[in-house]
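One structure is given below, encoded as structure tokens.
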Amino acid sequence: MIELNKVEFRYPTSGGFNVNIPQLAVPTGECVAIVGPSGSGKTTLLGLLSGILKPSSGSLLMDGTDLARLDERQRRQFRINNVGQVFQAFELLKYLSVIENVMLPRYINGSSSQAGEVHDRAAQLLADVGLDARANAYPAELSQGEQQRVAVCRAMLNQPALLLADEPTGNLDQANKQNVVDLLLEQARVNNSTLIMVTHDDSLLGAFSSVLDIQSLTADKSRRENLS
Numbered sequence: 017m018i019e020l021n022k023v024e025f026r027y028p029t030s031g032g033f034n035v036n037i038p039q040l041a042v043p044t045g046e047c048v049a050i051v052g053p054s055g056s057g058k059t060t061l062l063g064l065l066s067g068i069l070k071p072s073s074g075s076l077l078m079d080g081t082d083l084a085r086l087d088e089r090q091r092r093q094f095r096i097n098n099v100g101q102v103f104q105a106f107e108l109l110k111y112l113s114v115i116e117n118v119m120l121p122r123y124i125n126g127s128s129s130q131a132g133e134v135h136d137r138a139a140q141l142l143a144d145v146g147l148d149a150r151a152n153a154y155p156a157e158l159s160q161g162e163q164q165r166v167a168v169c170r171a172m173l174n175q176p177a178l179l180l181a182d183e184p185t186g187n188l189d190q191a192n193k194q195n196v197v198d199l200l201l202e203q204a205r206v207n208n209s210t211l212i213m214v215t216h217d218d219s220l221l222g223a224f225s226s227v228l229d230i231q232s233l234t235a236d237k238s239r240r241e242n243l244s
């Protein structure tokens, strides 16, 4: 369960730009699309939900844990344990193979799971998205659609409670866009993850249980800067 109450975030180096969210509640397992113009705070909202950004004021509860009260180290640990992230730019490491990229969260979070177990899960995720034959390839050998599927597998390796996707289909053709969204929704369903995806593509919205316009959430719409 995600609950935001009177959350404000101020960018100290952006001429006083701030984002205010009086109230937001997202039930566990909900699949939500966030829409709105560039500079309206969509990426900022994901940064707050992931714990990368800390609210200037207000409370941000994730299953009862108030991220606003955690220090940077605690927020990082929370993110490692609970959040999977998918980015428009894929963010795959070119010197790692496909399966090594998927397994990367294990090395970051110091998982106590056996390496063999993690490898098997990574291999199964790749098989689920039709990339089992590409496990030992490198990112440069993959198409954009294949790279994005690898990025989704990596985000799901630790079965996160919260899956955040920031314009994950922006660089893809229409067929691959729908494939990636279907994959995100399916993985969220299988793992009972809450999915929150930022998108500018109205054609993808029908698959989500709810669609939120960031401008309807924010209290102060008087100043906009491009933060996306």
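Start counting the sequence shown at 17; every next residue gets the next number (our numbering). Heads up, the beta-carbon is just placed ideally off N, CA and C, and yes, glycines get one too. The model shown is predicted, which means the values in this text are computed figures rather than measured ones.
**Report entry** Sequence-distant residues of the same chain with beta carbon closer than 6 Å to residue 203, five excluded per side
**Finding:** 172
Requested in this report: Give me the Cα-Cα distance between residue 108 and residue 184, rounded to the nearest whole angstrom.
Outcome: In a straight line, the C-alpha of residue 108 is about 13 Å away from that of residue 184.
Report task. Specify the secondary structure class of residue 63 as computed by DSSP and reduced to three states. Result -> Helix at residue 63.
Query raised in the report: Just checking my contact of residue 67 with residue 83 at CB under 8 Å: how many whole Å lie between their CB atoms?
Result: 5 Å
Query raised in the report: When burial is assigned at 16 or more other CB atoms within 10 Å of the CB, is residue 222 buried or exposed?
Result: exposed
Query raised in the report: Do residue 191 and residue 213 come within 8 Å of each other at the CB atom, strictly closer than that value?
Result: no
Requested in this report: Go ahead and label residue 124 buried or exposed: buried means 16 or more other beta carbons lie within 10 angstroms of its beta carbon, across all protein chains shown.
Outcome: exposed
Query - DSSP three-state assignment for residue 56, whether helix, strand or coil - result: In the structure shown, residue 56 falls within a coil segment according to DSSP collapsed to helix, strand and coil.
Query raised in the report: With 16 as the cutoff for other CB atoms within 10 Å, does residue 196 come out buried or exposed?
Result: buried
Query raised in the report: Mind checking whether residue 44 and residue 17 have CB atoms under 8 Å apart?
Result: yes
Requested in this report: Pull up the DSSP beta-bridge partners for residue 100, would you.
Outcome: 179
**Report entry** Neighbour-count burial assignment, residue 131, 16 or more Cβ in a 10 Å radius
**Finding:** exposed
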